[in-house]
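From first to last, the protein sequence lines stand for chains A and B. So the number in my numbering is just where the residue sits in the first sequence, counting from 1, plus 158. So the number in my numbering is just where the residue sits in the second sequence, counting from 1, plus 1.
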Amino acid sequence: MKEFRQAKWHMPTIFEIGAGDRSGCELPKLDSVLRQAIGDPSTFLPKDLMRTSPPNLPETSEVEVLRHFTKLSQMAFGVDEGFYPLGSCTMKYNPKINEALANLDEVNWIHPYQDESTVQGALELMYKLSCWLIEITGMHSFSLQPSAGAHGEFAGTLIMRAYHKHNSHLESKDEVLIPDLAHGTNPASAAMAGFKVIIIPSGIDGCIDIEALKNIVSKRTAGLMLTNPNTLGIFEKEIVEISKILHEEGALLYYDGANFNGIMGKVRPGDMGFDIVHLNLHKTFSTPHGGGGPGSGPVGVVEELDKFLPIPLIQYDGEKYYLDYNRTYSIGKIRGFYGNFDILVRAFSYILTMGAEGLENAAEIAVLNANYLSKRLANIKGFELPYDNERPRKHECVISCSKMKRETGVQAKNVAKRLIDFGIHPPTMYFPLIIDEALMIEPTETETIEELEGLVDMFAEISKEAYSTPNVLLEAPHNSSFSQMDEVKASHPRTLCLSWRMHQRMKHEKKD
Amino acid sequence: MTNPYLPNDTDEIRQKLLKTIGIKNTDELFSDIPSTILLKKSLSLPVSLSEAEVRRAVEGILKKNSTVKELISFLGGGVWPHYVPAVVDNIASRSEFLTSYTPYQPELNQGVLQALFEYQSLICELVKMDVANCSMYDWASSLAEAARMTSRITGKNVFLVPHFISPERITVLKSYAEPAEIRVVEVKQSANNGQIDLEDLKQKMSSETAGVYIENPSYLGYVMNNASIVSEIVHDAGGLFVVGVDPMSLGVLKPPGDYGADIVVGEGQPLGNHMSFGGGLLGILSCKDNPYYIRQLPGRVVGMTTTIKGDERGFCFALQTREQHIRREKATSNICTNETLCAIRAAVYMSLMGRKGFETLGNNILIASHYTAKILSEIGGVEAPSFKSEFFKEFTVNFDRTSKSVDEINNRLLRNGIVGGHSLKTIFPELGNSSLYCVTELHSRNDIETLQTKLKEIIEG
Ligand SMILES: Cc1ncc(COP(=O)(O)O)c(C=O)c1O
Chain A
159 MKEFRQAKWH
169 MPTIFEIGAG
179 DRSGCELPKL
189 DSVLRQAIGD
199 PSTFLPKDLM
209 RTSPPNLPET
219 SEVEVLRHFT
229 KLSQMAFGVD
239 EGFYPLGSCT
249 MKYNPKINEA
259 LANLDEVNWI
269 HPYQDESTVQ
279 GALELMYKLS
289 CWLIEITGMH
299 SFSLQPSAGA
309 HGEFAGTLIM
319 RAYHKHNSHL
329 ESKDEVLIPD
339 LAHGTNPASA
349 AMAGFKVIII
359 PSGIDGCIDI
369 EALKNIVSKR
379 TAGLMLTNPN
389 TLGIFEKEIV
399 EISKILHEEG
409 ALLYYDGANF
419 NGIMGKVRPG
429 DMGFDIVHLN
439 LHKTFSTPHG
449 GGGPGSGPVG
459 VVEELDKFLP
469 IPLIQYDGEK
479 YYLDYNRTYS
489 IGKIRGFYGN
499 FDILVRAFSY
509 ILTMGAEGLE
519 NAAEIAVLNA
529 NYLSKRLANI
539 KGFELPYDNE
549 RPRKHECVIS
559 CSKMKRETGV
569 QAKNVAKRLI
579 DFGIHPPTMY
589 FPLIIDEALM
599 IEPTETETIE
609 ELEGLVDMFA
619 EISKEAYSTP
629 NVLLEAPHNS
639 SFSQMDEVKA
649 SHPRTLCLSW
659 RMHQRMKHEK
669 KD
Chain B
2 MTNPYLPNDT
12 DEIRQKLLKT
22 IGIKNTDELF
32 SDIPSTILLK
42 KSLSLPVSLS
52 EAEVRRAVEG
62 ILKKNSTVKE
72 LISFLGGGVW
82 PHYVPAVVDN
92 IASRSEFLTS
102 YTPYQPELNQ
112 GVLQALFEYQ
122 SLICELVKMD
132 VANCSMYDWA
142 SSLAEAARMT
152 SRITGKNVFL
162 VPHFISPERI
172 TVLKSYAEPA
182 EIRVVEVKQS
192 ANNGQIDLED
202 LKQKMSSETA
212 GVYIENPSYL
222 GYVMNNASIV
232 SEIVHDAGGL
242 FVVGVDPMSL
252 GVLKPPGDYG
262 ADIVVGEGQP
272 LGNHMSFGGG
282 LLGILSCKDN
292 PYYIRQLPGR
302 VVGMTTTIKG
312 DERGFCFALQ
322 TREQHIRREK
332 ATSNICTNET
342 LCAIRAAVYM
352 SLMGRKGFET
362 LGNNILIASH
372 YTAKILSEIG
382 GVEAPSFKSE
392 FFKEFTVNFD
402 RTSKSVDEIN
412 NRLLRNGIVG
422 GHSLKTIFPE
432 LGNSSLYCVT
442 ELHSRNDIET
452 LQTKLKEIIE
462 G
């Protein structure tokens, strides 16, 4: 087995390097005419408005700062460094052409309040991207404003709220239904939008239990939030029936598009009966995840809900593109300006590269890869594929390590950490919550078959270790920059340290 | 030839995968999708292009933009032109940062975690608070989440905001506040000097006040001279004091930690993030080291810890029991993906600028913006600044006593390659023909004087 070794630097914090009076950046010189005309600010700004002592920031040279962060980056791991089968996150390759385009001056150096005539390119790109997303999802209109998936969910649940309010139903419709295997952002978003969250159990086939759903749906139901394929990677095959049940009660269907990579070009949320959709451009549409953002979570709706979309919407009058604020029923705004524009440029470029056929092929290969892995991994001792192992998965599969845990004491977490030693980013662990010792694996379409085979070999090796030398697993990882972190200490009230200031104070208190 | 991003899209490999799975063709993998909804034809999208063609097509569209590098622009109002050092772009394009996921695996992603801890720490130094989270989507959503945070902490539901607030922020705040049943109430600001009207504030304070928000400098650029009195009034009534800042002002202006802020919010875009049409935003959210506040903090936060063996210092996410993946509908926020790369950029920027940099920067901006106001006010009928207060970086210019409207002026400036200040006509009609001008370290004397010359021509000519 080929082993991996991550760089290891003994890193001080940025506050512990540098020396008095050093600086990492030279500012433009102020013209002496200006200084003479105005004088030093201390001569005209009242003292009590001014900062009395400079902030305690580093005094480091440009080289020191560059090396500091370069070394930190070497102790991080991205898709460019290796295989990242992190379920639900769709860690596909982030094409470099998209980076080049997103870093053009025509992207970086435009201001959101410029006259529309001077930003026609930006508006055109956003308008066309919305049209493509409309076609890809089967919705009526899209807003590109949300900054991430959860932000799209918040926009969507606000739209749900606005719709019921508009129809004078909000008082009586205050419940949003969410499957037990949903991502945590779904209930959190619904609650933020003021709804009560009602959990729907999954059936033995890993899909929504239709009978349970029928019992739960009532006049109080404002909507249902659903991920399809769901977080087991299984397509909710009763979706048409589900949609009918909800619509008959006057409720709306919300589509969490985090898993859209499994069905893109095959079936559209709009055709399944969804009323509101968000997509994660930082998943399905190949934009980089940036270590945790910026992302983009555009939200699309059916015609009836168009009037509630956030302002402004980008429109085209046949000659020019413009920002439309004149929308009486809009939910307002959920962030400043129009969305994470540089991310939108990347997604635009990706769709142009792929075309319709490319997008459909991407979904097909992603699904082939996931099913290949699920078949092979479930055959390795200690691992199982719970929930209807005859049904095909879509873009991901969830493997359970509970047998292994019972027989050897090795847990999902240990398996995950051991993968690091082989240079693989671990799968998503312990999600969805309904599976014991879950490892959620999403290979995506951009990995080679050799890479998939390699992963299978590693699981086989890990299984052997679990049944012979489990200790090696319990202490993993061994080859990353650091060994296991004490997460309890990080959150304990007595040791909680969230900034260098807190750290300094704690040090003083210890001395006293 | 296969698509370069689809290495397994060859007949041979497809066959091999199908064989292992035990099926004949790929359609079987989608056979559980009801045929009534399966797409019958391909999506109607442009045909796929090669890399060279994509580059040409996207560049062709984007070329229709005029950048504020080509134009001389005085726009600010929430996104501001500041220099982004090359080192910042260099670090932000490191693939390990750019292409990694949220650092759920601390052993493998220490670099991201330490960089975020440093971001939090640097922000704390700048605003003089103890705690900062590792990013929100932008200033507006930070403010909105801060308002909800004050309501959860105090159990009250009225949130006071200043009259002169960005339309972006007030609209976002209202969207977030309404479902939490928080009432947003405006506090007057003086028409003469733009300061918070203390009498009006006192009158609006009640036992229901969860928090009071001010911006310093205000949306119109003016420095608040009664912030510590506001703080006393708020605290006497048992509310929390929330302050919004432009971090670029904090090398010269008093930090909110020095005048009683409980929560600080602000926009981190100027800290090394490009304007990107209002895209590259970074919400700052910081608070006091108070366990009741910290428990209600939205978003992710990184803590310092050690390895389990205890032999080395390290970092990992802290206080995750507040978050959506654990607390679900009871979470303090739904934040999952945030603005990490923007926060890393900000950490690099703040490190480069360092202890002295923010002071020099702040002084230079003060001088350049005051110089601009001074020479504009020399034009007949132009009032700059139009409020009688100190200002930083931005200020309002009033054209009521000229014969021209702001629209007319801005249109004619644009024909001369100049983007005038943001018109305030629809946002604050009571200010008449006013616009908001922004001057940063990037404006040269020549830029400023060209503006004056052209304005003079337009107004007097
Ligand atoms: C199923 C699902 N829903 C929602 C989200 C939230 O998306 P984001 O992180 O972009 O806010 C995620 C991402 O982790 C997800 O996997």
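Note that CB positions come from ideal geometry on N, CA and C, so glycine has one too.
Apart from the five residues just before and just after B/A319, which ones in its own chain have a Cβ nearer than 6 angstroms to its Cβ?
Apart from sequence neighbours up to five positions away, the residues of its chain that approach B/A319 with a beta-carbon distance below 6 angstroms are V302, G304, ordered along the chain.
Segment contact, 8 angstroms Cβ cut-off, at least three pairs: the segment 444 to 458 of chain A with the segment 281 to 293 of chain A:
Touching, yes, given that three or more Cβ pairs across the two stretches are closer than 8 angstroms.
For the alpha helix (DSSP H) holding B/V440, just list the boundary residues, first then last.
Per DSSP, B/V440 belongs to no alpha helix (DSSP H) and is neither H nor E.
Can you tell me which residues form a DSSP beta bridge with B/Q190?
DSSP, once it has assigned bridges, lists B/I197 as partnering B/Q190.
Reduced DSSP secondary structure (H/G/I, E/B, other) of B/Q297:
Residue state, collapsed to three classes: coil.
Which of the three DSSP states, helix, strand or coil, is assigned to A/H661?
Collapsing the DSSP output to three states places A/H661 in a helix.
If you measure from the CB of A/T389, is any heavy atom of ligand 1 nearer than 7 angstroms?
Inclusion of A/T389 in the 7 angstroms shell around ligand 1 follows from its C-beta lying nearer than that to a non-hydrogen atom of the ligand.
Can a CB atom of chain A be found closer than 8 angstroms to the CB of B/A148?
Not an interface residue.
For B/Q453, list the residues DSSP reports as bridge partners.
B/Q453 is not bridged to any residue.
Between the Cα of A/F617 and the Cα atoms of A/E645, A/R493, A/G581, which residue gives the shortest distance?
Among A/E645, A/R493, A/G581, the Cα nearest to that of A/F617 is on A/G581.
Using the beta-carbon of each residue, which ones in chain B are nearer than 9 angstroms to A/I374?
Under the 9 angstroms cutoff, chain B gives no residues; its nearest Cβ is about 16 angstroms from A/I374.
Do you know how far the Cα of A/K166 is from the Cα of B/K70?
Computed Cα separation, rounded: 41 angstroms.
Could you confirm whether any beta carbon from chain C is found closer than 8 angstroms to the beta carbon of A/M297?
The structure shown contains no chain C; its protein chains are A and B.
Beta-carbon proximity of B/S219 to B/G261, cut-off 8 angstroms:
Their beta carbons are not under 8 angstroms apart, which means B/S219 does not touch B/G261 by this criterion.
Reducing DSSP to helix, strand and coil, say where B/Q270 ends up.
Note: B/Q270 maps to coil in three-state DSSP.
How do the segment 478 to 493 of chain A and the segment 257 to 268 of chain A stand: do at least 3 beta-carbon pairs fall below 8 angstroms, yes or no?
These segments do not touch.
Residues of chain B with a CB under 7 angstroms from the CB of A/G540: which are they?
Simply none; closest approach about 20 angstroms.
Using a Cβ-Cβ distance under 8 angstroms, would A/Y271 count as near chain B?
It does; some Cβ of chain B falls within 8 angstroms.
Which same chain residues, not among the five before or five after A/K647, have their C-beta less than 6 angstroms away from its C-beta?
Residues of the same chain with a CB within less than 6 angstroms of the CB of A/K647, apart from the 5 flanking positions on each side, are T653 in chain order.
Endpoints, beta strand (DSSP E) assigned at B/C288
For B/C288, the uninterrupted beta strand (DSSP E) run begins and ends at 284 to 288, by DSSP.
Could you spell out the range, first to last residue, of the beta strand (DSSP E) harbouring A/K354?
Start and end: 354 to 358.
Ligand 2 heavy atoms versus the CB of B/N110: any closer than 7 angstroms?
By its list of ligands, the structure shown excludes ligand 2, since it contains just ligand 1.
Would you decide whether A/F173 is buried or exposed? Buried here means 16 or more other CB atoms lie within 10 Å of its CB.
Classification of A/F173: buried, given that the 10 Å Cβ count is 16 or more.
Using a Cβ-Cβ cut-off of less than 9 angstroms, give me the residues of the segment 557 to 590 of chain A that come near chain B, in sequence order.
Against chain B - using a Cβ distance shorter than 9 angstroms - the residues of the segment 557 to 590 of chain A are A574, K575, I578, H583, P584, T586, M587, F589.
Assuming contact is defined by CB atoms lying nearer than 8 angstroms, are A/K575 and B/E108 in contact in what I supplied?
Inclusion of A/K575 and B/E108 in the CB contact set at 8 angstroms is warranted, their separation being smaller than that value.
Taking 8 angstroms as the threshold (beta carbon to beta carbon), is A/L371 in contact with chain B?
Taking Cβ atoms only, chain B never reaches closer than 8 angstroms to A/L371, which makes this a no.
Using beta-carbon positions only, say whether B/H423 and B/L76 come within less than 8 angstroms of one another.
Contact flag set, yes.
CB contact check: B/K289 to chain A, cutoff 8 angstroms
Contacts with chain A at 8 angstroms (Cβ-Cβ) do not include B/K289.
Endpoints, the beta strand (DSSP E) within which B/Q321 is located
Per DSSP, B/Q321 belongs to no beta strand (DSSP E) and is neither H nor E.
On the DSSP letters alone, give me the boundaries of the beta strand (DSSP E) that A/Y413 sits inside.
Here the beta strand (DSSP E) through A/Y413 covers 410 to 415.
Under 8 angstroms between C-beta atoms of A/N256 and A/S558:
Contact: no.
At a cut of 8 angstroms, does the segment 215 to 232 of chain A reach the segment 350 to 367 of chain B through at least three beta carbon pairs?
Cβ pair count under 8 angstroms is three or more, so yes.
Contact under 8 angstroms by Cβ, A/E600 with A/C183
8 angstroms or more divides the Cβ of A/E600 from the Cβ of A/C183.
Tell whether a beta-carbon distance below 8 angstroms holds between A/P446 and A/N252.
Yes, the pair counts as a contact, with Cβ atoms nearer than the cut-off.
Helix or strand or just coil, what does DSSP make of A/C247?
DSSP places A/C247 in the coil class of the three-state scheme, outside both helix and strand.
Taking 7 angstroms as the line, does the beta carbon of A/H553 fall inside it for any heavy atom of ligand 1?
False, no ligand heavy atom lies under 7 angstroms from that Cβ.
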